[in-house]
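Colleague: Take any residue in the sequence shown, note its place counting from 1, add 3, and you have its number in my numbering.
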Amino acid sequence: MAKAAESEVVLDPKRDRLVITASSLGTVFEWYDFFVYGILAALIGKLFFPADNPTAATLASLAIFGAGFGVRPFGAILFGYFGDKIGRKYTFLVTITLMGVATAAIGLLPTFETAGIWAAALLLLMRCLQGLALGGEYGGAAIYVAEHAPQGKRGQYTSWIQASVAGGFLLAVIVVLITRQSMSTEAFDAWGWRVPFLTSILLLAISLFMRLKLSESPVFKAMKAAGTTSKNPFLESFQYPGNVGRLFVALFGVAAGLTVIYYTSQFGTLYFLTGTARVPETDALMYMAVGAALAAPTYVACGWLSDKWGRKRLLLLGYGLSIIGVFPIFWMMADAANPALARATQSNPVTLSIPSCDFNALNRVHESECAQALNFLTKRGIAYSKEASDAVSLKVGDANLQGFDEKAYIAALEEAGYPDKSDPAQREPWKIILAVFLMVALSGMTYGQVAAILVEMFPAKIRYTSMSIPYHIGAGYFGGFLPYISQYIVAQTGQPFSGLWYTVGVTALAFVVALSIKIKDFCKNIQQDA
């Protein structure tokens, strides 16, 4: 019965516009809620954690950012169960309401200064509620749109959901920029940061108004009428013939790879510009907004292309280009964003001679000179090499400094040409925007058709649960902890580009899995017995 309903879906322009618009806007707003935290992570680290070690505070803030992703698989299980039992529409109405309320609540939380450790605990709770909601939202929106799409148009229709994820990031960037520009830096740091979170209430109202106009998916209505809905979607996801293999492919061959590319294109780029390249956050957000806006149409274009050319072929091409392109793109970005730093790194490399040192970037206080020197260079985003020695010394240019003295280090680095901030007169904005565009376009190639891939891989009766679980495990763990893991790698190695190896490694794994498994055959088989 579900198969018949899927094959009988016909083109209805008025209905389809409403379905795509309402589902996509809801997804934009939901991801806006999730991304605002990531954009403001550095400031939130100062506000909600002890500020005596900025690196540790930022990493702790990123860890809580990752925690929101960590609970997404639980949201996928919970809301996937209800989505397959009671329907697609009502489930994603609940998820977007939970997301909007949790996000607005972050804007009302007390900071560390007034509530101490309880501030961080409440922040963690709200992030977990956000993650729980997001675990149910994506699958519902993607399936709802896909189950309204006529044959041969699933990639095109569902690509709007993928573009909406990028739209959520873009909206978050714009709201943060407008809020920052409308007040002084002091006012924004004191209370203005709350405005982007509280804006979620307005977005929630708009989304609910749009989605309440929708009717249930025709595929789910057909299953409900025939009495063929799943009794226990979670168990059946592991018991249905061949479904464990499909879950494996969806996790390691699809979700893991495209997610790390996506988060590298968004948060990896932002943290690199503001941290390593020393570009002021407002300028970095402006470059991100322009580059992301220019590249956003690639999500829809690649969804359409996957209908014509094949999903697996396009996915593998995106993976391959990402593996070979991510380092050159970031090198170009670094040269354009802070040319003086790039020149100094080449002409006057920094060498730190240190004894055996127990350095952990997460520590609030660094006692030894060795750890203090490592922490200083990490905060400055300066590349350096290490040499074993009995005592701490820093070599840069003509200077050879013994021990650790922050003022002396700053003077020596400036003398050697290392700037504290990116010089706007020397920047090449068009190159920075081009780098952002290329990274987002790579994400479009791998992410644009993912909803169509996952919807087609699983039978209708357990589709919500089966596609949500691997997607959110991949997104939650491989992608969600990417900012933390990549920044931690940089902090531990002293090499500003070393965090990109995480992206390359996970993408290479996904490429091998996707290449070795006939995803197209999986989709074909499931469509026959859905």
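Heads up, the beta-carbon is just placed ideally off N, CA and C, and yes, glycines get one too. As the structure is a prediction and not an experimental result, all values here were calculated from the model.
Using DSSP with H/G/I as helix, E/B as strand and the rest coil, what is I204?
Modeller: DSSP places I204 in helix when its eight states are reduced to three.
Colleague: Using the Cα positions of G260 and G323, report the straight-line distance between them to the nearest angstrom.
Modeller: Rounded to the nearest angstrom, the two C-alpha atoms are 11 Å apart.
Colleague: Which of helix, strand or coil does DSSP assign to V395?
Modeller: In the structure shown, V395 sits in coil (DSSP, three-state: anything other than H, G, I, E or B).
Colleague: Give the straight-line distance between the Cα atoms of L126 and L416, rounded to the nearest whole angstrom.
Modeller: Answer to the nearest angstrom: the Cα atoms are 38 Å apart.
Colleague: Closest to G155 by CA distance: which of G313, G447 and T449 is it?
Modeller: Nearest of G313, G447 and T449 to G155, Cα basis: G313.
Colleague: Which partner residues does I357 have in the DSSP bridge list?
Modeller: The partner list for I357 (beta bridge, DSSP) reads A391.
Colleague: For Q405, which of helix, strand or coil comes out of DSSP?
Modeller: Correct three-state label for Q405: strand.
Colleague: Roughly how far, in whole angstroms, is the beta-carbon of P422 from the beta-carbon of L344, given that I think they are within contact range, below 8 Å?
Modeller: Yes, P422 and L344 are in contact; Cβ-Cβ is about 6 Å, under 8 Å.
Colleague: In terms of residues, what are the limits of the alpha helix (DSSP H) holding H369?
Modeller: Counting along the chain, H369 falls outside any alpha helix (DSSP H), and DSSP gives it neither H nor E.
Colleague: Where in the segment 113-181 do unbroken runs of the alpha helix (DSSP H), each at least 4 residues long, occur, reported from the N-terminal end onward?
Modeller: Fully enclosed alpha helix (DSSP H) runs of 4 or longer: 115-118 and 120-149.
Colleague: Give a yes or no on whether the C-beta atoms belonging to G548 and M448 are separated by under 8 Å.
Modeller: Since the first and last residues shown for the chain are 4 and 533, residue 548 lies out of range.
Colleague: On the three-state DSSP scale, how would you describe S501?
Modeller: Coil.
Colleague: Can you give me the C-alpha to C-alpha distance between L457 and L132, rounded to a whole angstrom?
Modeller: If you take the alpha carbons of L457 and L132, they lie about 25 Å apart.
Colleague: Do three or more CB pairs link the segment 143-160 to the segment 475-494 at distances below 8 Å?
Modeller: Contact between the segment 143-160 and the segment 475-494 is absent, because fewer than three Cβ pairs lie under 8 Å.
Colleague: In the structure shown, what three-state DSSP assignment does M4 receive?
Modeller: Low confidence applies to M4: its pLDDT is 46, below 50, so where it sits in the model is not reliable enough to give any reading.
Colleague: Looking at the ligand MG, does it come within less than 7 Å of M129, judged from the CB to the closest heavy atom?
Modeller: The ligand MG is not part of this structure, which contains no ligands at all.
Colleague: Would you check if there are 3 or more beta carbon pairs closer than 8 Å linking the segment 161-175 to the segment 18-34?
Modeller: The answer is yes - the segment 18-34 touches the segment 161-175, with three or more Cβ pairs under 8 Å.
Colleague: Please specify which runs of the alpha helix (DSSP H), each continuous and at least 4 residues long, are wholly inside the segment 296-321, giving them in chain order.
Modeller: Entirely contained in the segment 296-321, the alpha helix (DSSP H) runs reaching 4 residues are, in chain order, 300-312.
Colleague: When the Cβ atoms of the segment 366-384 are set against those of the segment 465-479, are three or more pairs found closer than 8 Å?
Modeller: As far as the Cβ criterion goes, the segment 366-384 does not touch the segment 465-479, which means the pair count is below three.
Colleague: Just reading off the alpha helix (DSSP H) that W433 is part of, what are its end residues?
Modeller: First-last of the alpha helix (DSSP H) with W433: P432 to Y450.
Colleague: For S446, which option in V257, Y84, P283 and T98 has the closest C-alpha, if you only look at C-alpha atoms?
Modeller: The option with the nearest alpha carbon to S446 is V257.
Colleague: Distance, Cα to Cα, D524 vs G245?
Modeller: Any reading at D524 must be qualified, since the residue scores a pLDDT of 48, below 50, and its modelled position is unreliable; the value itself is stated next. One C-alpha to the other measures close to 12 Å.
Colleague: Thinking just about the alpha-carbon of each residue, which of T354, L380, A402 and H369 is nearest to the one in S392?
Modeller: Nearest of T354, L380, A402 and H369 to S392, Cα basis: T354.
Colleague: Can you look up D87 in the DSSP assignment and give me helix, strand or coil?
Modeller: Looking at D87 - three-state DSSP - the assignment turns out to be helix.
Colleague: Suppose contacts are defined by Cβ-Cβ distances below 8 Å. Is G400 in contact with A419 by that definition?
Modeller: Yes, Cβ-Cβ distance for G400 and A419 is below 8 Å.
Colleague: Quick one: what's got a C-beta closer than 7 Å to K2's C-beta in the same chain, skipping five residues either side?
Modeller: As shown, the chain starts at 4 and ends at 533. That puts residue 2 outside it, with no answer to give.
Colleague: Within this structure, are the beta carbons of V303 and W163 separated by less than 8 Å?
Modeller: Taking 8 Å as the Cβ cut-off, V303 and W163 qualify as a contacting pair.
Colleague: Would you kindly work out how many angstroms separate the C-alpha atoms of G483 and G271, rounded to a whole number?
Modeller: Near 11 Å, if we compare the C-alpha coordinates of G271 and G483.
Colleague: How many angstroms separate the CA atom of S210 from the CA atom of T510?
Modeller: In a straight line, the C-alpha of S210 is about 34 Å away from that of T510.
Colleague: DSSP state of R383, grouped into three classes?
Modeller: R383: helix per DSSP, three-state reduction.
Colleague: Taking the straight line between their C-alpha atoms, what separation do you get for F241 and Y147?
Modeller: Taking the straight line from one Cα to the other gives about 23 Å.
Colleague: For F440, which of V198, E189 and L297 has the nearest alpha-carbon?
Modeller: It is L297.
Colleague: How would you write the range of the alpha helix (DSSP H) that M470 sits in, first residue to last?
Modeller: From DSSP, the alpha helix (DSSP H) with M470 extends over R466 to I476.
Colleague: With DSSP collapsed to three states, give me the class of I520.
Modeller: DSSP places I520 in coil when its eight states are reduced to three.
Colleague: Give the DSSP-derived three-state secondary structure of A339 in the structure shown.
Modeller: Helix.
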